[in-house]
Every structure is written in C-alpha cells, then in structure tokens.
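If you read the protein sequences in the order shown, they are chains A and B. In terms of the working numbering, the first sequence is residues 213 to 542. In terms of the working numbering, the second sequence is residues 26 to 658. Backbone N, C-alpha and C define an ideal beta-carbon position, used for all residues, glycine too. Predicted model, so just to flag it, every value in this text is computed and none were measured. Scroll down for the structure; my scribbles are underneath it.
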Amino acid sequence: MAATTDMEAHRSAGAPISLLPLRRNGASATMRPFSHLDRLESESMHIIREVAAEFRNPVMLYSIGKDSAVMLHLAMKAFAPGVPPFPLLHVDTTWKFRAMIEFRDRIAREMGLELIVHTNQDGVAQGVNPFSHGSKVHTDIMKTEALKQALNAGGYDAAFGGARRDEEKSRAKERVFSFRSKSHRWDPKAQRPELWSLYNTRVAPGESVRVFPLSNWTELDIWQYIHREGIELVPLYFAAPRPIVEYNGMWIMVDDDRMPEQHRQNPVDRMVRFRTLGCYPLTGAVESQATSVPDIILELLASRASERQGRAIDKDQIGSMEKKKQEGYF
Amino acid sequence: MATDPADAPQIDIDAFLAQQDAKDQLRFITCGSVDDGKSTLLGRLLYDSKTVFEDQLGAAEVESKKYGTQGAEVDLALLVDGLQAEREQGITIDVAYRYFETDKRKFIAADTPGHEQYTRNMATGASTADLAIILIDARKGVLTQTRRHSFIVSLLGIKNVILAVNKMDLMDWDGATFEAIVEEYSAFVSDLEIEHVHAIPLSALTGANVFSGSAEMPWYQGPTLMRLLETIQITRDTTGLPFRMPVQWVNRPNSDFRGFSGTIASGDVSVGDPVAASLTGRSSRVSRIVGPSGDLDRAMAPQSVTVCLEDEIDISRGDMLAHPGTPPAVADQFAAHIVWMDSEKMLPERAYLVRFATAAATAQITDLVHKIDVNTLEKQATKTLELNEVGYCKLALDRAVPFDAYESVRQTGSFVLIDRFTNTTVGAGTIDFPLRRASNIEWHQMKVDKTARAAANGQTPRILWFTGFSGSGKSTVADRLEQKLHAIGRRTYLLDGDNVRHGLNKDLGFTDHDRVENIRRVAEVAKLMADAGLIVLTSFISPFRAERQMARDLLDEGEFVEVFVDTPLEVCEARDPKGLYKKARAGQLKNFTGIDSDYEPPEAAEITLKSAEQDPDTLADQIIAWLRDQKAI
Ligand SMILES: Nc1nc2c(ncn2[C@@H]2O[C@H](COP(=O)(O)OP(=O)(O)O)[C@@H](O)[C@H]2O)c(=O)[nH]1
C-alpha cells in the first residue's frame with residue numbers, strides 16, 4: 213500500500229507470525245458446547261472473510277479500543293495460520309492517550325500487520341484542538357474529515373469498523389455491510405436489504421461500504437469474549453491511580469502538558485479507569501476498583517449507565533449520532 | 026461518575042462466567058400491523074429484562090414528552106423506535122435489531138415494521154430468525170396483514186410461531202375473545218409450513234403475561250411470553266444433515282499450507298473423512314481442520330473453519346465441499362420462490378446477478394410461473410413482480426452452481442438477486458428444486474475459434490453500439506461509417522431496426538418488456554458476429570443503461586464500444602424524419618422514447634457524438650480516428 217505524504221506506514225520487519233496456538237492433529241481442543249459466543253465468533257469470521265474475498269482494496273479501521281481489539285483478534289482467526297490480507301488504518305487526532313499509541317504500534321508489529329496512520333494535516337496546521345475548538349469542531353475536523361481523507365487517499369472500497377448495533381438506537385438499523393456514497397454519506401433510506409448471510413458486495417467506482425463484523429455483539433459479549441480469549445487491552449481500561457482534574461464536567465486524566473495550564477493545576481491521584489478510549493481531553497474517567505476483566509464484568513453488571521455516556525460526543529441532542537453518521541462519522 | 030462497589034450486587038463472578046459461557050442464543054422476529062404494539066412489547070422485553078440503562082430511560086422520558094402517546098407515562102415504544110425521521114412520523118420503517126438477555130438465554134430480536142408496504146423488511150428479519158412472534162391486536166383479530174406476515178414467515182422456513190394476542194386489557198381480559206382469535210388463526214395457518222403455534226394472551230402495556238403471569242386472566246394456564254422464549258427448543262439440529270461447506274476463501278499463506286475456509290452450513294466433518302468438490306466431483310480426504318481456536322478433530326455447523334485436504338485438487342471460491350456420497354445439486358437451472366424487493370419491477374428478460382452462499386452467476390428468469398397473493402395464498406398468472414410481491418419462477422444461470430433445496434439447508438438454498446447496473450439488492454429467493462435442461466447443450470471446443478476467424482479477417486472484432494433518441498442521427502452516421510470501413514477493407518455488418526424488427530424480432534412491440542428482449546437478441550446476434558470476426562455496428566435507441574450494460578457484459582473486455590449520439594430531444598423532434606414525434610405527441614404512438622418512455626443517457630460512453638453541431642461525415646471520421654487510436658483497425 214503506497215503511503216501518501218501525510219500518512220506514515222509502519223510495516224514491521226520479519227515474517228508474519230500467528231498469535232493462535234495451532235495444534236496439530238491428535239492434540240485437538242476438546243469441544244465445548246456451541247455457545248452464543250461461538251455463534252458470534254463464527255459469524256464475525258465469516259463476514260471478515262467475505263470482505264477479503266470480494267473487495268479489491270479493504271482496510272480495517274483500528275481505533276485501539278476494546279472493540280477494535282476483538283475485531284482484530286477475529287480477523288487473525290479468520291485467516292490463521294496466515295495473517296489478514298489487509299492493512300490496519302488508524303485515524304490519529306494527535307490527542308489520543310500516549311498509552312494507546314504505544315499499544316497500537318506494538319500490536320501491529322507483533323501481529324505482522326501493515327499499519328497506516330493518518331492525521332488531518334490541515335487541521336494540525338490550523339491548530340485545531342479540543343480545548344480551544346471544543347469537542348464538536350475537533351471531532352468534525354480531526355476525526356470525521358480525517359477519516360474521509362484517509363479513505364479517499366487509500367482508495368479503499370471496504371472499511372471494517374468495530375461498531376455494534378447495541379451501542380445506540382440509531383445503530384440498531386445499521387446493516388452489516390453499510391453502503392456509502394462517493395462522499396461517504398450514509399442514507400438510512402438507501403440501505404440494501406440484507407438477508408441470511410448473503411451480503412451484497414457490489415460497489416461502483418468511488419463508492420464504498422463500511423463493514424461491521426461485530427454488529428450482533430453486545431457490550432457484555434465483548435467483555436466475556438475478551439475474558440475467554442485472554443485478549444490484551446490498553447491498560448487504561450483497568451483501574452489504577454491516575455492524575456485527574458475536573459474539566460467540562462468530566463474527570464480528565466492529565467496525559468501531557470498540552471492541556472491549558474489553568475486546567476491542569478493540582479491534579480488529584482484517583483483510582484480510575486476508562487470505559488471507552490478516545491482523545492484524552494474528551495474522555496471521562498470513572499472511579500473504579502476494577503483491575504481485571506472479571507472485575508469489569510462485575511462492574512458492568514452493577515452499573516446502569518450506558519457506554520457512550522463517558523464520551524462527550526453524543527449528548528448534545530436527541531438523534532445526534534444519526535446526524536453524525538449521515539455526515540460520514542463512523 | 027463513579028460506581029460505588031458497595032452498591033454492586035453480590036455476584037460470584039466465576040459462577041456467573043461459567044453460566045454465561047453455557048448460554049445459547051435465540052434469534053426471533055416480531056411482526057404485526059402498525060399500532061398492534063410491537064414496539065411497546067419489545068420495549069417491555071428490554072425494560073423488564075433490565076437491558077435498558079438509566080440514561081436511555083432518561084432520554085426516553087424526555088422524548089415521551091415530545092412524541093409519546095402515553096401522557097405522563099414513559100412510552101416504552103420510544104426505547105426501540107430508532108431513527109429520527111420515523112420517530113417523527115410515528116412509524117417504524119426498517120428492520121432494527123435489539124439485544125437482551127436473561128439468566129437462561131441471549132436474544133436477538135429483529136423488529137420488523139408492520140406497514141403494509143414493507144414485506145421486504147419482514148423477509149429480511151425472518152431470514153435469520155429461529156422463531157417469529159406475530160402480534161395481533163385483540164380488538165381487531167386476524168387481519169390481512171397477519172396472514173401476509175405468517176405467509177412470509179412460512180416462506181422463509183420458520184417453523185415456530187408465537188401468536189401474541191396483545192391489548193387484552195382493552196378487551197376486559199376476555200377469554201372468549203382470545204379463543205376466537207386462536208381458532209381463526211389456526212384455521213388459516215394450517216395451509217402453511219409452520220409446525221408449531223403457541224398462542225399467548227397478553228398486554229404489552231401492563232406487562233401481563235410478558236415476564237410475569239396475569240391475575241386478570243386466570244383462564245390462561247400456559248407459560249408467559251418470556252418463559253416460552255427462554256425454554257422453547259428450536260430444532261437447529263443440523264448435525265444429522267449432509268455436510269456442506271461453501272468455500273469462501275482459499276487460504277494459502279505460504280507454500281506449506283493450503284486450506285479452504287468457510288462456514289459449515291450443515292452437517293459435520295472429521296479429519297479423515299472423504300470429501301468432494303461439488304463443481305468438479307474431484308474427491309480427497311480431510312487432512313486437517315483449523316478451527317477458531319486451533320486444530321479440531323471434528324467440526325460442525327455453524328462453525329467457521331479452514332479445511333485442508335490430502336490431495337491437491339482444484340477448488341476455489343464458489344465451490345462447495347460435501348461428502349462424495351451426498352453431494353448437493355449442481356445445475357444451471359432451478360425453480361424458486363422470489364420476494365421482489367425493489368421499487369422497479371422485475372423484468373424477466375433482464376439478466377440479474379445472483380448471489381448464492383459463496384457462488385455468483387448471471388441469471389435470467391425464464392419462466393414466471395405465477396405470483397402468490399400473500400393475503401389469500403391464491404396463485405395468479407403474471408408477467409412481472411412488483412415491490413413486495415412473491416412469485417414462483419424458473420431461473421437459468423450462465424454457469425452451473427452447487428446448491429440445495431431451501432427446505433433442507435437454509436444457507437445453501439437461498440440467494441439474492443442484484444441489479445447489475447444500480448447494484449441494489451432487488452430480490453431474495455428460496456430454492457425449490459434443480460431443473461435439467463431440455464437438451465444438453467455442450468459448448469464444443471472448436472478448433473477454429475474467434476481469434477482464428479478474426480485473424481483471417483485481418484482485424485479485431487468490435488461492437489460499435491450506437492445509442493440515442495429517434496432522429497438523433499444514429500443510422501446516418503453508422504451508415505457513413507460502414508462505407509468508410511468497407512472502403513479500407515474491413516469486414517463489417519450493420520444491425521438496425523429495419524433488418525431486425527422485420528425479421529428476427531418481428532414478434533416484439535415497444536413495451537419496456539419487449540424493448541429489453543429486443544436488445545437482448547440484438548446483443549446475442551452481435552456477439553455471434555463478433556465471434557465470426559466482424560466489426561459490428563448496431564443502431565438502436567436502446568434507452569436503458571441496464572440493457573447496454575448487459576450487451577457489454579456479454580462481450581469480451583474492450584470489445585464493446587458505446588457510441589452516444591448526443592443530440593438534444595428538441596433537435597430530434599424538430600428533425601422528425603419519419604413523423605414519429607408528431608404521432609407520439611398526438612397520442613397515436615405509445616411508449617415513444619423521449620415522449621412517454623425514458624431515455625437513460627450513458628454515463629461513460631467510449632465515444633460521444635454531437636450531431637447537432639457536426640455533419641455525419643465528420644462524425645464518422647471521429648469514430649475512425651478513435652478506432653485507429655485504439656489499434657482496432
Ligand atoms: N391498552 C393497550 N395499549 C397498548 C398495548 N400495547 C401497545 N399499546 C398502545 O398501542 C399503540 C401502538 O403501539 P406501538 O408499540 O407503537 O405499536 P407498533 O406500531 O406495533 O410498534 C401505542 O399507543 C401503545 O401505547 C396494550 O397491551 N394495551
């Protein structure tokens with residue numbers, strides 16, 4: 213994949229390795245009863261292979277979060293003992309937690325996958341940032357716009373995303389293969405009927421699809437699967453003492469000194485974790501003692517606030533996610 | 026912002042995870058007519074199973090004030106009504122999927138709209154469902170839509186139906202009303218392929234018989250809806266069926282490994298089993314099975330696996346692995362039910378793309394046997410299928426593909442039809458049985474082939490496909506061009522309306538249907554002529570993109586040259602060489618392109634001619650220059 217001027221391509225050296233412990237005949241895994249997780253796993257692998265088989269130039273959007281981690285794990289399984297025949301793409305707003313970036317680079321290297329990182333250089337040049345421009349402008353320019361740039365530059369006809377239908381009401385009607393016009397718009401009325409596991413993969417030049425292999429997973433499924441499979445996550449998901457300040461009604465971790473001076477005064481060390489990972493100034497921490505995946509599952513069962521509440525993007529108005537999607541937000 | 030661990034219920038996490046791991050999954054659809062209470066019922070299931078989070082409930086409260094129908098109460102329907110547009114219109118317009126779980130099972134519910142026009146959405150939701158909940162408003166009883174929904178459910182192979190008789194609160198919880206509805210429904214459903222019907226009287230609004238029983242209806246002794254959903258046994262036992270694995274992907278990461286990846290559609294397979302590739306009949310034995318978590322001795326539906334064979338046999342995507350003794354049908358014709366899903370009606374002569382489990386082909390509907398009135402189940406003769414209509418058809422493919430009857434294996438007996446021009450999914454089908462061709466047409470490998478003939482003619486075959494309005498100048502330019510080509514020693518043939526409509530196509534008129542067939546025959550003849558090594562000029566209005574695309578697809582890459590004679594309609598009408606526009610305007614000629622029939626201009630014609638601005642001679646030279654440039658002459 214040719215790297216364009218504002219993309220850096222990290223391709224790891226050496227031969228690809230498979231993460232799956234593949235046993236030879238005779239030493240087979242004992243057969244569990246086929247559970248709901250197995251059914252979801254199988255369905256997702258099927259979807260991922262369909263894309264590889266039918267599209268000219270697919271890419272996997274990798275956001276470094278837990279859903280991306282599960283999606284990548286499933287992609288590795290789908291092509292084992294080989295590696296997925298498509299690169300990973302990360303849209304870097306330059307405001308992600310430092311721990312995310314380290315994790316991203318290491319995972320891509322260890323899995324032997326090509327990683328493309330794209331940043332909206334126009335936005336950087338204009339000095340767009342979440343503090344002076346606010347969450348909406350920052351997200352529009354550094355995320356939504358940047359994603360379109362990256363997809364256009366790569367000429368991708370299919371892009372995997374880790375979204376789930378249970379995340380938000382407007383996602384409940386999303387197709388697994390979600391058709392996008394040349395301008396990346398999503399038209400809820402122009403989606404193709406999707407029957408059985410027969411996906412319509414036809415696109416005209418310039419058009420594309422977003423593919424959501426985790427469509428049928430719930431948040432609890434994701435955590436149970438992470439537990440069952442021992443999938444590694446960015447440590448920020450687990451509770452630890454972290455330097456916290458209150459900003460915009462959220463607890464924000466002071467990740468670097470780009471945070472305006474007046475806001476990062478007197479951070480307090482608190483035992484916190486993050487339920488979702490994004491740009492650090494826009495991602496609220498929650499107080500938690502959960503230091504392991506079972507702890508998190510317990511916490512999830514006890515908690516009654518849905519997932520995106522920790523993210524500043526969704527709250528503004530009713531139906532806001534739907535509007536964002538029509539504009540091309542993932 | 027914080028969760029106080031002291032609030033957390035005391036849960037034994039290991040026991041919990043073990044229980045979770047053992048849970049299975051039930052996928053169901055809810056169907057009913059508008060206002061039967063589907064959204065309320067689903068909202069109730071989510072709410073009572075505690076799948077609704079506080080902030081979502083908070084948002085629903087806000088919205089209830091804005092759009093709700095329940096006064097001060099929270100309208101549970103707003104928990105599931107997804108998109109803003111439909112929220113404002115108050116109707117559900119698409120299929121939405123909902124997720125909830127109880128201690129026993131995980132559920133995926135397809136929320137299917139009840140609006141009369143949306144049969145296609147119902148079919149979509151039903152295609153992946155194990156069970157259907159059909160709602161009835163107790164005040165209204167069995168409606169036309171109830172029959173329609175039950176028929177679609179049956180057509181898509183769902184054997185278990187829960188008949189939810191809702192709004193019992195509005196009928197004073199009357200047992201006789203319930204009995205009468207059940208009786209009427211049972212009589213109707215006996216004509217269908219539905220095996221089990223479980224009827225439950227309930228109220229989505231009050232929650233009676235949804236999660237907990239109902240003191241108001243002591244006459245009902247059966248299970249609550251939730252109890253039934255949790256315990257119902259769905260015979261998803263595919264292990265008794267023959268092994269089928271449609272090949273999705275050939276996995277060849279290095280020279281040491283070659284495996285065939287796919288999702289097992291039915292049956293099971295073990296290391297050492299004999300298997301055959303359906304398309305070639307070549308067989309081998311399974312040497313290794315790579316499962317999702319490492320190697321397996323045995324794998325079964327619906328696992329996604331990669332199968333390695335002892336021998337190198339030629340297998341690619343679209344083929345199907347099966348036991349040699351129980352192969353699927355391999356045929357290029359079959360009979361099937363089709364649900365039409367597009368606002369543009371079916372044109373039986375048009376070639377559509379057909380997608381099977383992993384195979385794809387081009388299909389033509391050779392025989393539209395009948396359509397089925399989904400309300401009465403009556404069979405009616407028809408020439409086409411409109412949106413939401415169901416028909417029984419015979420289809421012919423351009424190649425043989427492996428498949429099963431839908432009744433035996435859903436995954437390998439289903440297909441979708443795709444319009445090759447717009448790329449939209451226009452229909453969905455369930456296969457009934459394979460058909461044999463009346464006579465076996467074998468494609469003989471001829472010694473004298475196209476290349477040999479073209480070489481003998483000293484030229485490269487081309488189809489110069491002229492398209493444009495009547496009077497645009499197609500025939501004039503084509504005629505000039507043929508003279509010029511002839512003069513330089515090229516072998517040509519000009520096909521136009523006069524020599525085709527009076528002979529080969531004299532049985533055809535000018536309806537959309539006949540126009541499509543007219544062009545199909547012309548394209549086939551042009552193809553034979555190209556095969557004979559000729560440069561062919563065709564001069565037909567050919568108003569539809571799809572037909573021109575069909576002609577293009579019939580031919581080899583680069584052979585088809587679309588020549589758009591781009592003359593404005595006003596100019597053509599002013600010229601009116603045969604007085605046809607005048608007649609059409611006077612209403613004496615029906616279906617005249619540009620007047621009362623559409624012309625779809627090419628989007629990327631190889632050559633565009635402006636005949637309003639230049640004389641025919643110059644335009645013919647423009648084409649000659651293009652052909653030279655392409656080294657075609
Ligand atoms: N009295 C009563 N009203 C109900 C019941 N279920 C639904 N409704 C009402 O019927 C109307 C339509 O319900 P809704 O769930 O939106 O119907 P849908 O179009 O099938 O999704 C709403 O005003 C509901 O409050 C019920 O069991 N009893």
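Taking just the CA atoms, how far does Gln-655 of chain B sit from Glu-582 of chain B? 13 angstroms
I'd like to know if the region 405-413 of chain B and the region 605-616 of chain B are in contact, where contact means that at least 3 CB-CB pairs between them fall below 8 angstroms. no
Taking only heavy atoms of ligand 1 into account, decide whether any of them is closer than 7 angstroms to the Cβ of Ser-228 of chain B. Remark: the shortest separation between the CB of Ser-228 of chain B and any heavy atom of ligand 1 falls under 7 angstroms.
Within the same chain, show all residues whose beta-carbon is closer than 7 angstroms to that of Val-340 of chain A, passing over the 5 residues directly before and after it, in chain order. Val-349, His-350, Ile-353, Met-354
With DSSP run on the structure shown, which of helix, strand or coil describes Glu-499 of chain A? strand
C-alpha distance - Glu-255 of chain A paired with Phe-389 of chain A, whole-angstrom precision: 13 angstroms
I think Arg-261 of chain A touches Ala-290 of chain A, with their Cβ atoms under 8 angstroms apart; what is that distance to the nearest whole Å? 5 angstroms
Under 7 angstroms: does the beta carbon of Lys-63 of chain B sit that close to some heavy atom of ligand 1? yes
In whole angstroms, what separates the C-alpha of Met-325 of chain B from that of His-348 of chain B? 13 angstroms
Three or more C-beta pairs under 8 angstroms: does that hold for the region 443-450 of chain B against the region 363-383 of chain B? Segments in contact, yes.
Expected contact under 8 angstroms - CB spacing of Leu-512 of chain A and Phe-486 of chain A to nearest Å: Their Cβ separation, rounded to whole angstroms, is 14 angstroms, which puts Leu-512 of chain A and Phe-486 of chain A out of contact at 8 angstroms.
Counting only C-beta atoms, is Pro-233 of chain A closer than 8 angstroms to chain B at any point? Any reading at Pro-233 of chain A is ruled out, since the residue's pLDDT is 34, under 50, leaving its predicted position unreliable.
Would you tell me roughly how many angstroms separate the C-alpha atoms of Tyr-274 of chain A and Ala-576 of chain B, rounded to the nearest one? 42 angstroms
For the region 266-298 of chain A, list every residue whose C-beta sits within 8 angstroms of some C-beta in chain B, in sequence order. Lys-289, Ala-290, Phe-291, Ala-292, Pro-293, Gly-294, Val-295
Consider the Cβ of Asp-378 of chain A: report whether some Cβ of chain B lies at a distance smaller than 8 angstroms. yes
Does the structure place the region 213-233 of chain B close enough to the region 194-204 of chain B that three or more beta carbon pairs sit under 8 angstroms? Contact between the region 194-204 of chain B and the region 213-233 of chain B is present, because at least three Cβ pairs lie under 8 angstroms.
Scan the region 198-266 of chain B and note each continuous beta strand (DSSP E) run of 3 residues or more that stays entirely inside, going in chain order. 221-226
When you compare only the Cα positions, how much space is there between Glu-419 of chain A and Met-196 of chain B? 53 angstroms
Is Arg-375 of chain B close to chain A? Criterion is C-beta to C-beta, closer than 8 angstroms. no
Counting only Cβ pairs nearer than 9 angstroms, list the residues of chain A close to Pro-353 of chain B. By Cβ distance, chain A contributes nothing, its closest Cβ being about 16 angstroms from Pro-353 of chain B, past 9 angstroms.
Report yes or no: do three or more beta-carbon pairs, one from the region 177-193 of chain B and one from the region 49-67 of chain B, lie closer than 8 angstroms? Using a Cβ-Cβ distance cut-off of 8 angstroms, the region 177-193 of chain B and the region 49-67 of chain B are in contact, since at least three pairs of beta carbons, one from each stretch, lie closer than that value.
Measure the Cβ-Cβ separation of Val-441 of chain B and Leu-407 of chain A and say whether it is below 8 angstroms. The beta carbons of Val-441 of chain B and Leu-407 of chain A sit closer together than 8 angstroms.
The region 246-253 of chain A in contact with the region 430-441 of chain A per 3-pair CB rule at 8 angstroms: yes
CA-to-CA distance, Trp-490 of chain B to Arg-515 of chain B, given in whole angstroms: One C-alpha to the other measures close to 17 angstroms.
Is the Cβ of Leu-334 of chain B closer than 8 angstroms to any Cβ of chain A? no
So, for Ala-384 of chain A: in the same chain, excluding its five sequence neighbours on each side, which residues have a beta-carbon less than 8 angstroms away from its beta-carbon? Arg-377, Asp-378
Which residues of chain A have a Cβ atom closer than 7 angstroms to the Cβ of Val-441 of chain B, listed in chain order? Neighbourhood of Val-441 of chain B in chain A, by CB distance below 7 angstroms: Leu-407, Leu-410, Asn-412, in chain order.
Measuring alpha carbon to alpha carbon, tell me which residue in B:Glu-255, B:Leu-266, B:Thr-288, B:Phe-268 is nearest Val-275 of chain B. B:Thr-288
Alpha carbon to alpha carbon, how far is Ala-265 of chain A from Leu-304 of chain B? 19 angstroms
is_contact[Pro-278 of chain B, chain A] using C-beta, thresh 8 angstroms: Closer than 8 angstroms to some Cβ of chain A, the Cβ of Pro-278 of chain B qualifies, so yes.
First and last residue of the beta strand (DSSP E) that includes Gly-284 of chain B? For Gly-284 of chain B, the uninterrupted beta strand (DSSP E) segment begins and ends at 282-288.
Check whether the Cβ of Leu-254 of chain B sits closer than 7 angstroms to any heavy atom of ligand 1, and report yes or no. False, no ligand heavy atom lies under 7 angstroms from that Cβ.
Just to confirm, is the Cβ distance from Ile-363 of chain B to Gly-438 of chain B under 8 angstroms? no
Can you tell me whether DSSP reads Tyr-431 of chain B as helix, strand or coil? coil
Under the DSSP definition of a beta bridge, which residues are partnered with Cys-56 of chain B? B:Ile-159
Return the chain-ordered list of same chain residues with a C-beta closer than 7 angstroms to the C-beta of Asp-623 of chain B, the five sequence neighbours on each side being excluded. Pro-568
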